[in-house]
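As structure tokens, the structure follows; a few thoughts come after it.
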Amino acid sequence: MADYAEQLNEISELLQKGKAKDIVLSVQTALEQGVGAADILEKGLIAGMSVIGGKFKRGEVFVPEVLIAARAMNKASEVLKPALSEAGVTPVGKALICTVKGDLHDIGKNLVKMMLEGKGIEVSDLGVDCDTQKVVDEVKASDAKVLCLSALLTTTMMAQKDVIDALKSAGIRDKVKVMVGGAPVTQSFADEIGADAYTSDAASAAEVCRAFYN
Ligand code: B1M
Numbered sequence: 002m003a004d005y006a007e008q009l010n011e012i013s014e015l016l017q018k019g020k021a022k023d024i025v026l027s028v029q030t031a032l033e034q035g036v037g038a039a040d041i042l043e044k045g046l047i048a049g050m051s052v053i054g055g056k057f058k059r060g061e062v063f064v065p066e067v068l069i070a071a072r073a074m075n076k077a078s079e080v081l082k083p084a085l086s087e088a089g090v091t092p093v094g095k096a097l098i099c100t101v102k103g104d105l106h107d108i109g110k111n112l113v114k115m116m117l118e119g120k121g122i123e124v125s126d127l128g129v130d131c132d133t134q135k136v137v138d139e140v141k142a143s144d145a146k147v148l149c150l151s152a153l154l155t156t157t158m159m160a161q162k163d164v165i166d167a168l169k170s171a172g173i174r175d176k177v178k179v180m181v182g183g184a185p186v187t188q189s190f191a192d193e194i195g196a197d198a199y200t201s202d203a204a205s206a207a208e209v210c211r212a213f214y215n
């Protein structure tokens, strides 16, 4: 039986190779053998994805390889979902989530969604490349208390501001708490655009979001 660190390393390697079927089995085995779900996420899946990110930046891998790794990441995350949820948690309310206009990255968004659901928050997922007006319309139509916006590109983070500005123009800014996140987003950017909260990772996003329902 592989030891704890070896199992995490294997998961990272399988992610980098984009082996969706193998990684699902490997994550299941690791969970059965007592490897922590948070470690599998952080030290296996996210660690593997940051290796891919570095290679992508240096031109050592290209979009198809990254897409295959992303598919493996999403499949493996689904396996982790029950383990990351708090058992028997009672429903607390609703939230909306999307990746903003112009941005196709969905892994971080999906993780935030999963963690929120694990805290008993019912999440309506508006998807990726989400049109600003569509977000405003959904906020108007729903009784969600929190709106979560993810952005992964320096060129799309301004779309988070566009959403906040559009909510103000529509006279519904106070209807929801707006949370922002994603790799290029910072606390100072969040303050600058008038967001209600920023967190750097999905687990703290769930903690902060849950507090809005108290
Ligand atoms: Co893209 N990409 N990509 N990419 N991609 C990055 C982001 C990049 C940093 C790679 C690099 O150059 N090193 C770079 C951005 C540079 C920049 O803007 N500064 C980049 C680029 C340039 C591009 C393209 C422009 C490439 C091209 O076509 N030439 C293109 C843009 C397409 C578009 O969106 N319009 C592109 C495309 C793609 C793929 C489609 C191939 C694929 C996405 C597939 C998918 O998502 N289904 C992809 C991927 C996978 C990446 C990297 C490798 C991995 C991103 C990821 O999923 N990370 C990424 C490099 C990297 O990040 N190291 C890169 C794992 C994920 C768990 O992290 O999403 O950051 P992340 O989520 C974190 C936190 O940020 C936080 O929680 C998570 C952790 O717990 N978080 C929140 C996220 N949202 C939150 C919301 C919150 C709170 C926390 O509250 C609401």
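Position one of the sequence shown corresponds to residue 2 (the numbering used here), numbered consecutively onward. Glycine included, each C-beta is placed from N, C-alpha and C at the ideal position.
Reduced DSSP category for residue i - H, G, I as helix; E, B as strand; rest coil
i, result
"Leu15", "helix"
"Glu166", "Residue identity differs from the one stated: residue 166 is Asp in this sequence, not Glu. Helix, per DSSP."
"Ala198", "strand"
"Ala31", "helix"
"Val101", "strand"
"Val93", "coil"
"Gly55", "helix"
"Gly182", "strand"
"Glu123", "strand"
"Val62", "coil"
"Val36", "coil"
"Leu150", "strand"
Close beta carbons around residue i, own chain, < 6 Å, minus the five adjacent residues each side
i, result
"Gly49", "Ser13, Leu16, Gln17"
Close Cβ partners of residue i (< 7 Å) along its chain, the five nearest in sequence each way excluded
i, result
"Val67", "Ile53, Phe57"
"Asn111", "Asn75, Ser78"
"Val181", "Leu150, Gln161, Ala191, Ala196, Tyr199"
"Gly121", "Val90, Thr91, Pro92, Val93"
"Glu27", "It is worth fixing the name first, because residue 27 is Ser in this sequence and not Glu. Same-chain partners within the cutoff: Glu11, Ile12, Leu15."
"Ala84", "Leu32, Ala38"
"Gly55", "none"
Sequence-distant residues of the same chain with beta carbon closer than 8 Å to residue i, five excluded per side
i, result
"Val177", "Leu97, Val140, Ala145, Lys146, Val147, Leu148, Leu168"
"Leu127", "Leu97, Ile98, Cys99, Lys135, Val136, Glu139"
Euclidean distance between Cα positions of residue i and residue j
i, j, result
"Ile24", "Cys131", "30 Å"
"Ala70", "Gly94", "33 Å"
"Gln34", "Val179", "39 Å"
"Phe213", "Glu61", "43 Å"
"Tyr5", "Ile41", "10 Å"
"Lys20", "Gln29", "14 Å"
"Leu32", "Ala38", "7 Å"
"Asp143", "Val186", "Note that residue 143 is Ser in the sequence shown here, rather than Asp. Approximately 26 Å, taken between the alpha carbons."
"Ala207", "Arg72", "23 Å"
"Gln8", "Lys44", "10 Å"
"Asp163", "Asp107", "19 Å"
"Ser86", "Glu123", "13 Å"
"Leu46", "Met158", "24 Å"
"Gly172", "Ser205", "29 Å"
"Ala88", "Ser189", "35 Å"
"Val129", "Val101", "6 Å"
"Asp166", "Ser125", "21 Å"
"Arg59", "Asn215", "45 Å"
Among the options, nearest to residue i - alpha-carbon criterion
i, options, result
"Arg174", "Ile194, Val124, Ser201, Met159", "Ile194"
"Thr155", "Gly45, Gly19, Leu105", "Leu105"
"Val90", "Ala171, Gly119, Ala38", "Gly119"
"Arg211", "Ala3, Val113, Ser170", "Val113"
"Lys184", "Gly172, Ser170, Val209, Asp202", "Contrary to the premise, residue 184 reads as Ala rather than Lys in this sequence. Ranking the options by Cα distance to Ala184, first place goes to Asp202."
"Leu81", "Lys102, Gly55, Met115", "Met115"
"Asn153", "Ile47, Leu117, Gly103", "Inspection of the sequence shows that residue 153 is occupied by Leu rather than by Asn. Nearest of Ile47, Leu117, Gly103 to Leu153, Cα basis: Gly103."
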